[in-house]
Amino acid sequence: MECFKVPPDSAEKALNQSRWLSIVGIGEDGVRGLGENARNAISSASVVFGGKRHLELAAPLITGGSRVWPTPFDAAMRDVVALRGQKVCVLASGDPFLFGVGATLSRHVTAEEFTAYPAPSAFSLAASRLGWPLQEVETVSLHGRPVDLIRPLLHPGRRIIALTSDEKGPAELAELLASTGFGLSRMAVLEALGGEAERAQTAQADQFALPAINALNVVAVEVEAGHDARILPRASGLDDALFEHDGQITKREIRALTLSALAPRRGELLWDIGAGSGSIGIEWMLADPSLKAIAIEADAERAARIRRNAASFGVPGLQIVAGKAPAALAGLPQPDAVFIGGGGSEPGVFDAAVDALRPGGRLVANAVTLEMEAILLAAYARLGGELTRIEVSRSAPIGSMSGWRPAMPVTQWRWTKPGEPK
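Throughout the sequence shown, residue numbering follows this note's numbering, covering 44 to 465 in sequence.
The following block contains the structure:
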């Protein structure tokens, strides 16, 4: 196994000379909290980029020009990249590579071109103020992102630190907690961490009424669940009652087996064709934050319902395509996995899914009708794969006693497309 090699002195010197860009994390304590190298990076730069607040904090050190980020923010970083080869410095809040501008820059500038000087992140500062071991805390950025993202983290007894967008963020979070059965949770709003205006205020979620909150804040939550709390278990096969649906839903036992067959891997994309309530795509995304899914649904009312379900399960990033397959599949990014639920027997749907699937990807299709089962049997004969017959019975009243009532059997076909995975 080849290890990373430390370059000789001459090579290291040449490498350092090629690093035209510095990325400096700065806190609310301004230049007082910076190390010598970070200070030099700012003072020697011909141009310093940053938000208005960052530039004001670093003003005593800036000797070159200063540029405020454009509105709207340019994710392509064209102004920075245009100065490649000059001495440029970019200012960021805390740790630039934790939900910060460093992540954006690294998509356009190689690691050999910059030197980073991170400061403590808001999460680290908050944990240190509270005495919470950070490795035991759930962290989530709600800065410019939906507050619904916190929902999967809401488990009794857990501690969460959430970065918010502005002074309204804590109240929005308190409202979500109260409306989902977590109103007894304790909240600490930590404001302007590291600066002269630093302050901490506490409140119970269902009694939240804190005044004049600083726009720069993080919220620490000690989760306490009421008897009606909407807790999202970590296992596949969530209770059907958690979903809004009109009966078109892959039932929980079948859903658990289907997710197992789809075998999600970090960073992958799923197509959920004929999504119904969106339950498969939603549980796929709940398996890991890096997973993405596209729900394809022809019925407009169901598509709207999927959107509501995605928000209530904390995966608002679920992409919804309101249209009929196979036409609705055109132009979509290539999937790593495909699930065919509803509409799989429609002409062209099955073949389009097979063609679109990435080599090494998995296709899982469920059939409850004879027509769809015939398609799966033909696919098995032509392509191979695995066929499984799933039968589930549930207890039901029979007069004054109980007995087993069988649900419709499901035929499931699982196939891995030949070829090397990405």
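From the three backbone atoms N, C-alpha and C, an ideal C-beta is built for every residue, glycine too. Treat the numbers as computed from the prediction; the structure is a model and nothing was measured.
What's the gap between the Cα of residue 462 and the Cα of residue 424?
Cα-Cα distance, rounded: 19 Å.
Could you have a look at residue 55 and say whether DSSP puts it in helix, strand or coil?
Low confidence applies here, because residue 55 scores a pLDDT of 47, under 50, leaving its location unreliable; read the following figure in that light. Helix.
For residue 247, write down the residues that DSSP places opposite it in a beta bridge.
In the DSSP output, where bridge partners are listed per residue, residue 247 has 229.
Can you list, in chain order, the stretches of the alpha helix (DSSP H) that have 4 or more residues and sit fully within the region 321-388?
Those alpha helix (DSSP H) runs which fall completely within the region 321-388 and span 4+ residues are 322-329 and 343-355.
Can at least three beta-carbon pairs, one atom from the region 351-370 and one from the region 388-397, be found at a separation below 8 Å?
Yes: at least three Cβ pairs fall under 8 Å.
For the structure I just gave you, are there three or more beta carbon pairs, one from the region 175-182 and one from the region 340-347, closer than 8 Å?
No, because fewer than three Cβ pairs between the region 175-182 and the region 340-347 fall closer than 8 Å, the two stretches do not touch.
Can you tell me whether DSSP reads residue 215 as helix, strand or coil?
Residue 215: helix per DSSP, three-state reduction.
Out of 67, 252, 179 and 204, which one is the CA nearest neighbour of residue 221?
Nearest C-alpha to residue 221: 252.
In chain order, what residues of the same chain lie with their CB nearer than 7 Å to the CB of residue 63, ignoring the 5 residues before and after it?
127, 128, 129, 130, 131 and 156, listed in sequence order.
Write down the C-beta distance between residue 226 and residue 269 rounded to the nearest angstrom, noting that I regard them as a contact closer than 8 Å.
Correct: roughly 6 Å between the Cβ atoms.
With distances taken from CA atoms, which of 195, 148 and 170 is nearest residue 179?
Comparing Cα positions, the closest option is 170.
Give me the Cα-Cα distance between residue 282 and residue 451, rounded to the nearest whole angstrom.
Going from the Cα of residue 282 to the Cα of residue 451 covers about 18 Å.
Does the region 277-297 come into contact with the region 238-246, if we say contact requires no fewer than three beta-carbon pairs (one atom in each stretch) closer than 8 Å?
Segments in contact, no.
So for residue 311, helix, strand or coil by DSSP?
Residue 311 falls in the coil class under three-state DSSP.
Mind reading off the beta-carbon distance from residue 313 to residue 378? Whole number of angstroms is fine, and I expect it under 8 Å.
Confirmed, about 6 Å.
Would you check if the region 316-329 and the region 284-298 touch, i.e. whether three or more CB-CB distances between them fall below 8 Å?
With a cut-off of 8 Å, the region 316-329 and the region 284-298 count as touching, because enough Cβ pairs lie within range.
On a Cα-Cα basis, can you pick out the residue from 381, 413 and 142 that is closest to residue 401?
Out of 381, 413 and 142, 381 has the C-alpha closest to the C-alpha of residue 401.
Are residue 137 and residue 165 touching if we call contact CB-CB under 8 Å?
Yes, these two residues count as a Cβ contact at 8 Å.
Identify which residue in 330, 228 and 374 has its Cα closest to the Cα of residue 299.
For residue 299, the nearest C-alpha among the options comes from 330.
Give the DSSP-derived three-state secondary structure of residue 66 in the structure shown.
Residue 66: strand per DSSP, three-state reduction.
One question on the structure: do residue 141 and residue 101 come within less than 8 Å of each other, judged by their Cβ atoms?
No; because the gap between Cβ atoms is not below 8 Å, this pair is not in contact.
Under the assumption that residue 247 contacts residue 229 (Cβ atoms under 8 Å), give the Cβ distance between them as a whole number of angstroms.
Contact flag correct, Cβ pair sits at about 6 Å.
State the DSSP-derived secondary structure class of residue 73, mapped to helix, strand or coil.
Residue 73: helix per DSSP, three-state reduction.
What does a CB cutoff of less than 7 Å around residue 85 pick up in its chain, not counting 5 residues either side in sequence?
The residues are 67, 91, 101, 104, 105 and 132.
Measuring CB to CB, does residue 190 end up less than 8 Å from residue 297?
Not closer than 8 Å, so no.
Consult DSSP for residue 106 and reduce its assignment to one of helix, strand or coil.
Three-state DSSP puts residue 106 in coil, outside helix and strand.
Measure the alpha-carbon distance for residue 433 versus residue 446 and round it to whole angstroms.
Rounded to the nearest angstrom, the two C-alpha atoms are 19 Å apart.
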